[in-house]
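Notes for the one structure printed next.
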DNA sequence: TTGTCAGATGTCATTAGATGACATTATGTG
DNA sequence: CACATAATGTCATCTAATGACATCTGACAA
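As structure tokens, this is what we get:
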């Protein structure tokens, strides 16, 4: 558990920090910032994995990277925000992937395909599903993070809604269908995700299977008077 | 904005506090505790309404009731927890109402009826919908509360799932349908709630209409290739 | 190269939420 | 009344977060 100087820290979830960091100071300066950011994320995730999110203080993270505590909060709006940086990247990738699906595809199929596609372009092009799963695991097992995660999803629903409305050529302001569908997709991805993780098989096929298992039950679930299993 | 002594404070959302408060010291002691709890809730909600949740410090609440700050945290696990006490009561009432619906009823209809029924038995038998709406308004407009709310719903999904599974006579551990349905109901109630509030009509009919407007679109939304409006 | 400006970081102070430890007061009971 | 215990107060401490201001460092032009 050595120090993680900004010089270390490989390619980590990029994306803009939640706290706007002014405009791109050209060249080296910008690179240093990225290194610091990456180092903070790496150190934090290591500590979270080792001792848990709640039992890791911000100063422990900044000590490991050798920056001041204040600097941490210049990169991340909060401790939660650091973890959410992964979620932001994932949500963005998902929204883009969904927008790229052919409109004639059934909505839930499109969602599943989009989710798979988004997994492949997560960290550094490597389909590093393992790290995604571990982050989700961390979130799911940490009340504070779960709350922040759910709120993030809630707050950014509108992006998915917009994409869905566009796919179908309706107005999201007046048509309730994209809202309903977005909520359903969110729930299904969430449920499938958990089963997927619990299954222990990180393959894309396992993810598909988990998603389809839920998607296939939706209509039946809604109708009631369920046929026995 | 005067003091709210424990002697004031009418019947407020009861239920057990999140922090277990040992067993029922009989008689007066218990009554005093309830009064203090009610006074804290009343003072807090008044301050939240006046200055907003974030800008209200715990010591302001305890000052108004004239107890120590430490005492607050003996009654409520956190500042959020106080607001969630309303949500807890509501969720419990909803779960009970849902369990009471006839099993042959369509699930979404049962959910709507249960929600209406739960509204009627909220504060002190008076169908005081206005206070429910204002609490939801507060939650919805306060990021920290919204996150806590969403997590609460998430954490207590299993109660609804259990009721649904029982209604239909299936095993919630192996059957995905109650899980899917619970998620859908949660989403629909949430969406309908917002439209209902936005509509400005606090009547039960308006609530029903908002719910049905969403429920009626679910099947269509899922199928895709939406017919134009 | 050097001087200047701006962006990035460090330092310090402060607020607020939350929790543990322990003393004090109040209440129920024999 | 006296005792046991529950409820509360007091005090100390931790952590997250934020504002203010000083300092350092990379960017860039003369």
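Residue numbers (the numbering used here), protein chains in the order written: chain A, 1 to 229; chain B, 1 to 229. Glycine included, each C-beta is placed from N, C-alpha and C at the ideal position.
Short CB-CB distance (under 7 Å) between residue 224 of chain B and chain A = In the second chain, counting from the first residue as 1, residue 224 of chain B sits at position 224. For residue 224 of chain B, the answer is yes, since a Cβ of chain A falls inside 7 Å of its Cβ.
query = Mapping DSSP to helix, strand and coil, what is residue 228 of chain A?
reply = Numbered from its first residue, the first chain carries residue 228 of chain A at position 228. In the displayed model, residue 228 of chain A falls within coil according to three-state DSSP, outside both helix and strand.
key: Whole runs of the alpha helix (DSSP H) within the segment 65-112 of chain B, excluding any shorter than 4 residues   = Segments of the alpha helix (DSSP H) lying fully in the segment 65-112 of chain B: 69-75, 79-100.
ask   = By the criterion of Cβ-Cβ separation under 7 Å, what are the contact partners of residue 214 of chain A in chain B?
value = As a position in the first chain, residue 214 of chain A is number 214, starting the count at 1. 176, 180, listed in chain order.
ask   = Mind pulling the chain A residues with CB within less than 9 Å of residue 220 of chain B?
value = In the second chain, the residue the question calls residue 220 of chain B occupies position 220. Taking a Cβ-Cβ threshold of 9 Å, the residues of chain A close to residue 220 of chain B are 177, 180, in chain order.
message = So for residue 135 of chain B, helix, strand or coil by DSSP?
response = For this step, residue 135 of chain B is matched to residue 135 along the second chain. Helix.
task = Please state if the CB of residue 64 of chain A and the CB of residue 50 of chain A are separated by a distance shorter than 7 Å.
result = Walking along the first chain from the start, residue 50 of chain A turns up at place 50. Walking along the first chain from the start, residue 64 of chain A turns up at place 64. With contacts defined as CB atoms closer than 7 Å, residue 50 of chain A and residue 64 of chain A fail to qualify as a contacting pair.
request  = For residue 137 of chain B, collect the residues of the same chain with a Cβ closer than 7 Å to its Cβ; drop the 5 residues on either side in sequence, then sort them by chain order.
outcome  = Walking along the second chain from the start, residue 137 of chain B turns up at place 137. Here the set comprises 197.
query = Where does residue 170 of chain A sit, in a helix, a strand or coil, going by DSSP?
reply = Working through the first chain from its first residue, we reach residue 170 of chain A at position 170. Coil, per DSSP.
Simplified DSSP assignment, three categories, for residue 41 of chain B = Mapped onto the second chain, residue 41 of chain B falls at position 41. For residue 41 of chain B, the three-state secondary structure derived from DSSP is helix.
ask   = Which class does residue 162 of chain A belong to by DSSP, given the choice of helix, strand or coil?
value = Sequence index remark: in the first chain, residue 162 of chain A carries index 162 (1-based). Under the three-state reduction of DSSP output, residue 162 of chain A falls in the helix class.
ask   = Do residue 130 of chain B and residue 117 of chain B come within 7 Å of each other at the CB atom, strictly closer than that value?
value = Counted from its first residue, the second chain places residue 117 of chain B at position 117. Counted from its first residue, the second chain places residue 130 of chain B at position 130. No; because the gap between Cβ atoms is not below 7 Å, this pair is not in contact.
query = Taking 7 Å as the CB-CB limit, is residue 146 of chain A close to chain B?
reply = Taking the first residue of the first chain as 1, we reach residue 146 of chain A at position 146. Output row for residue 146 of chain A: interface = yes.
ask   = Which chain B residues are close to residue 172 of chain A, counting only those with a beta carbon under 9 Å from its beta carbon?
value = Start at 1 with the first residue of the first chain, and residue 172 of chain A comes out as number 172. None at all; the shortest Cβ gap to chain B is about 12 Å.
key: Partner residues on chain A for residue 159 of chain B, Cβ-Cβ distance less than 8 Å   = Along the second chain, one-based indexing puts residue 159 of chain B at 159. In chain A, no part has a C-beta under 8 Å from the C-beta of residue 159 of chain B; the shortest such distance is about 17 Å.
task = Would you please verify whether the beta carbon of residue 64 of chain B is less than 7 Å from any beta carbon of chain A?
result = In the second chain, residue 64 of chain B corresponds to position 64, counting from 1. The C-beta of residue 64 of chain B comes no closer than 7 Å to any C-beta of chain A.
task = List the residues of chain B whose Cβ lies closer than 7 Å to the Cβ of residue 107 of chain A, in chain order.
result = What you label residue 107 of chain A is simply residue 107 of the first chain in a count that begins at 1. The answer, in chain order, is 222, 224.
key: Span of the alpha helix (DSSP H) around residue 151 of chain A   = On the first chain, position 151 is the one that residue 151 of chain A refers to. In this chain, the alpha helix (DSSP H) harbouring residue 151 of chain A covers 143-155.
key: residue 219 of chain A, enclosing alpha helix (DSSP H) - first and last residue   = Translated into positions along the first chain, residue 219 of chain A becomes position 219. For residue 219 of chain A, the enclosing alpha helix (DSSP H) has its first and last residue at 218-223.
task = Could you tell me how far apart the beta carbons of residue 82 of chain B and residue 76 of chain B are, in whole angstroms, since I believe they sit closer than 8 Å?
result = Here the question's residue 82 of chain B lines up with position 82 in the second chain. Here the question's residue 76 of chain B lines up with position 76 in the second chain. Approximately 5 Å separates the beta-carbon atoms of residue 82 of chain B and residue 76 of chain B; this is inside 8 Å, confirming the contact.
key: Proximal chain B residues relative to residue 217 of chain A, where beta-carbon distance stays under 8 Å   = Taking the first residue of the first chain as 1, we reach residue 217 of chain A at position 217. Within 8 Å Cβ-Cβ: 176, 177, 180.
ask   = Quick one: what does DSSP say residue 214 of chain A is sitting in, helix, strand or coil?
value = For this step, residue 214 of chain A is matched to residue 214 along the first chain. The answer is helix: DSSP assigns residue 214 of chain A an H, G or I state.
ask   = Hey, is the segment 193-213 of chain B in contact with the segment 145-152 of chain A, meaning 3+ C-beta pairs nearer than 8 Å?
value = Result no; under three Cβ-Cβ pairs closer than 8 Å.
ask   = Would you say residue 150 of chain A faces chain B, with C-beta separation under 7 Å as the test?
value = The count along the first chain starts at 1 and reaches residue 150 of chain A at position 150. At least one chain B Cβ lies under 7 Å of residue 150 of chain A.
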